[in-house]
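Numbering of the sequence shown is given in my numbering, commencing with residue 212 and proceeding in unit increments.
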Amino acid sequence: MAIQQKSRQSGIRRKFSLLSLFEAMATPHALDRYLELVDPMTTVRDLRAEVTDVHRSTADTVTLTLRPTHQWRGFEAGQFVQVGVVIDGVRHTRCYSPACSQYRADGLIELTVKAHPEGLVSRYLHANAQVGLVVSLSQADGVFHLPTPRPESVLLISGGSGITPVLSMLRSLLDEGYSGDLTFLHYAYSEKDVSYRAELEQIAAEHDRVRIVLAYTDQTSGGDLHGFFGTEHLNAVAPWFAEARTFLCGPPGLMRSVRGVYDDLGLADRLHFEEFAAPAPTADADADGDVNFSGSDVVATNSGKTLLEQAEDAGLTPSYGCRMGICFTCTSVKTSGCTRNVKTGETDTEPHKKIQICVSVPVGDVEIEI
Ligand SMILES: Cc1cc2nc3c(=O)[nH]c(=O)nc-3n(C[C@H](O)[C@H](O)[C@H](O)COP(=O)(O)OP(=O)(O)OC[C@H]3O[C@@H](n4cnc5c(N)ncnc54)[C@H](O)[C@@H]3O)c2cc1C
Numbered sequence: 212m213a214i215q216q217k218s219r220q221s222g223i224r225r226k227f228s229l230l231s232l233f234e235a236m237a238t239p240h241a242l243d244r245y246l247e248l249v250d251p252m253t254t255v256r257d258l259r260a261e262v263t264d265v266h267r268s269t270a271d272t273v274t275l276t277l278r279p280t281h282q283w284r285g286f287e288a289g290q291f292v293q294v295g296v297v298i299d300g301v302r303h304t305r306c307y308s309p310a311c312s313q314y315r316a317d318g319l320i321e322l323t324v325k326a327h328p329e330g331l332v333s334r335y336l337h338a339n340a341q342v343g344l345v346v347s348l349s350q351a352d353g354v355f356h357l358p359t360p361r362p363e364s365v366l367l368i369s370g371g372s373g374i375t376p377v378l379s380m381l382r383s384l385l386d387e388g389y390s391g392d393l394t395f396l397h398y399a400y401s402e403k404d405v406s407y408r409a410e411l412e413q414i415a416a417e418h419d420r421v422r423i424v425l426a427y428t429d430q431t432s433g434g435d436l437h438g439f440f441g442t443e444h445l446n447a448v449a450p451w452f453a454e455a456r457t458f459l460c461g462p463p464g465l466m467r468s469v470r471g472v473y474d475d476l477g478l479a480d481r482l483h484f485e486e487f488a489a490p491a492p493t494a495d496a497d498a499d500g501d502v503n504f505s506g507s508d509v510v511a512t513n514s515g516k517t518l519l520e521q522a523e524d525a526g527l528t529p530s531y532g533c534r535m536g537i538c539f540t541c542t543s544v545k546t547s548g549c550t551r552n553v554k555t556g557e558t559d560t561e562p563h564k565k566i567q568i569c570v571s572v573p574v575g576d577v578e579i580e581i
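Here is the structure:
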């Protein structure tokens, strides 16, 4: 046994030193840059995925099934991945939460993307994604997932495209044979806007202990509930919610209402949530100084907005992913000056420091390599 293990390890070491040799020969480009010319799904280090199925269940969403390359390490229901696509020669990266069970046997990943009316990547995927498209992929990340061991009762609340991470939780709990109280409460304008409606109805029919509740805000017939979220909805569909763990993802209005109710009831620590979009930023009214975008030879008066917004206002197009300090796509080097992180309130005066420009506002003069 020990001999077998030793020879396996030396085999792996040989493989990696050969790879390093090939990579050194391929310099200045990584080996994957050459391999992608032959087959973009043959990669040594890069994690990528090929679209193997495209499905449109509602007018403004597209569901993509992805086959990841061998580097994929799987995910926990609720987490997100970063997907990169090339549009007009530029790679853009956005976060998407797998909607499938974390136990999916074929190893494929399912994403459902809602096309935002002015959105770049979501509209591109909605209009252009087809079988064979290869996208770049990150490993899964994020702290929005079910705790282990599982809680005795679980309430899942979603709205619109926020269905994806909580549907993944629902599907995963069903695969685990979860036997606690489980309610899935989903808000949509009307029944035609519910992705996965047929599957949700089937789950309701097949599982006595699982309660699927569809709430319509613009439709007064059909469905189970009507109107916006309120405590009466909670009491009607999960009267045990105060003892449960609640997982929430949806549009800002729904998030605000649910968080408000849980705060008022002193249950904030029982509520776990994921936001898809950052709340509208408020510019610092006392802002002063200039922002020097040194990589572009542009100097702008500090408006008090985030450095990402100030760069965009100045006509620059830095890369970004989540716009809320999660994904690090926008990280840039601040050469000098002081910045404040709008999420933590911390200020930073260290020169030549990498900062996330989507959550950093300048405090006085700042020079940044954009
Ligand atoms: C952790 C995480 C998980 C996510 N999972 C999913 C998912 O499973 N499915 C999904 O469809 N989206 C998901 N998103 C949102 C997704 O990452 C993109 O923000 C969304 O697809 C819009 O990107 P875009 O390039 O089309 O828009 P952009 O070109 O980046 O933005 C264009 C305009 O749309 C606005 N906008 C951007 N994002 C949103 C948003 N989410 N809601 C409302 N307005 C917005 C911007 O303010 C801007 O005005 C997730 C986001 C995060 C942070």
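The C-beta atom is built at its ideal place from N, Cα and C for all residues, glycine as well.
These are the residues, in chain order, with a beta carbon less than 5 Å from any non-hydrogen atom of ligand 1: F291, R305, C306, Y307, S308, V324, K325, H327, E329, G330, L331, V332, S333, S372, T375, F487, A488 and C533. Contact check for I581 against P529 passes: the beta carbons are separated by less than 8 Å.
Every beta strand (DSSP E) stretch that sits fully inside the region 300 to 328 and reaches 3 residues is listed by chain position as 301 to 307 and 320 to 325.
With a minimum length of 3 residues, the unbroken runs of beta strand (DSSP E) contained wholly in the region 512 to 575 fall at 542 to 552 and 564 to 567.
Sequence-distant partners of A449 (beyond 5 residues in either direction) whose C-beta falls short of 6 Å from its own C-beta, in its chain, are L366 and T394. The criterion of a C-beta distance shorter than 8 Å is not satisfied by T263 and S308. For the set F458, D435, S543 and M535, the Cα lying nearest the Cα of T555 is the one of M535. A straight-line Cα-Cα distance of about 11 Å links A351 and L258. The alpha-carbon of G434 is positioned some 11 Å away from that of V405.
Annotation: T375 is outside any beta strand (DSSP E); the continuous alpha helix (DSSP H) that includes it extends over I374 to E387.
DSSP places Y473 in the helix class (H, G or I) of the three-state scheme. C-alpha of T428 to C-alpha of T269: approximately 17 Å in a straight line. Taking a contact as a CB-CB distance under 8 Å, the pair T550 and H563 does not count as one, their CB atoms being some 13 Å apart. Scanning V332, G370 and S347 for the CA closest to the CA of H281 turns up S347. Distance check between S364 and each of R278, L482 and C306 places L482 closest, using alpha-carbon atoms only.
Sorting Q290, D250 and D271 by C-alpha distance to the C-alpha of E261 places D250 at the top. DSSP, reduced to helix, strand and coil, places T442 within a helical segment of the structure shown. A455 sits in coil when the DSSP states are folded into three classes, being neither helix nor strand.
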